[in-house]
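Below: one structure, written as structure tokens.
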Amino acid sequence: MSTIFNNRDPVYLQVVRYFKEQIATGKLKAGQEIPSRREIAGMLSINPNTAQKAYKEMEEQQLIFTERNVPSKVTTDTAILNRVREELIMEAVDSFIQSIKPIQVPVEELVQIIHEKYSQTE
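All residue numbers for the sequence shown refer to the UniProt record's numbering, where the first residue is 1 and numbers rise by one.
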């Protein structure tokens with residue numbers, strides 16, 4: 001498990017995003033145990049308090065749940081799991097649109113370019 005942190009966003013939010021990506025891609029499954037806060041801090045070389053803050057945020061978003069004396073697990077709520085995937089897609093699309101719009105490329109041309117590039121990466 002490794003991730004590269006940027007200097008723009010708080011580290012705990014980047015940890016949350018990392019988990020969302022793992023969930024959206026199926027690398028983390030519904031109900032699967034996740035590393036403890038201390039373990040994730042060691043794996044990602046982050047402060048344990050930062051890991052705690054990330055887990056608290058994920059619990060508030062209902063991505064994970066923690067029961068007394070049992071490791072935290074990924075939610076089994078399919079609506080939340082589907083929302084995570086949709087959220088990541090929309091974030092990427094919004095970012096792309098913001099960066100491409102000033103160039104004023106016609107939508108049809110963009111769709112064609114995206115289709116070609118996406119096909120090349122498979």
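All C-beta atoms, glycine included, are put in the ideal place defined by N, C-alpha and C.
query = For R37, is the classification buried or exposed, using 16 other Cβ atoms within 10 angstroms of its Cβ as the cut-off for buried?
reply = Taking the first residue of the sequence shown as 1, we reach residue 37 at position 37. Per the 10 Å Cβ criterion, buried.
message = Please state whether the Cβ-Cβ distance between F65 and K73 is less than 8 Å.
response = Residue mapping note: residue 65 aligns to position 65 of the sequence shown, counting from 1. Residue mapping note: residue 73 aligns to position 73 of the sequence shown, counting from 1. Between F65 and K73, the CB-CB gap stays under 8 Å.
request  = Could you check what DSSP says for V107 in three-state terms: helix, strand or coil?
outcome  = Counting from one through the sequence shown, the residue named residue 107 turns up at place 107. V107 carries a helical assignment under DSSP once its states are collapsed to helix, strand and coil.
request  = Give me the Cα-Cα distance between M90 and T25, rounded to the nearest whole angstrom.
outcome  = Here residue 90 refers to the residue found at position 90 of the sequence shown. Here residue 25 refers to the residue found at position 25 of the sequence shown. Looking at the two C-alpha atoms, the distance is approximately 15 Å.
request  = Indicate the three-state DSSP secondary structure (helix, strand or coil) for E87 in the structure shown.
outcome  = The residue given as residue 87 occupies position 87 in the sequence shown. The answer is helix: DSSP assigns E87 an H, G or I state.
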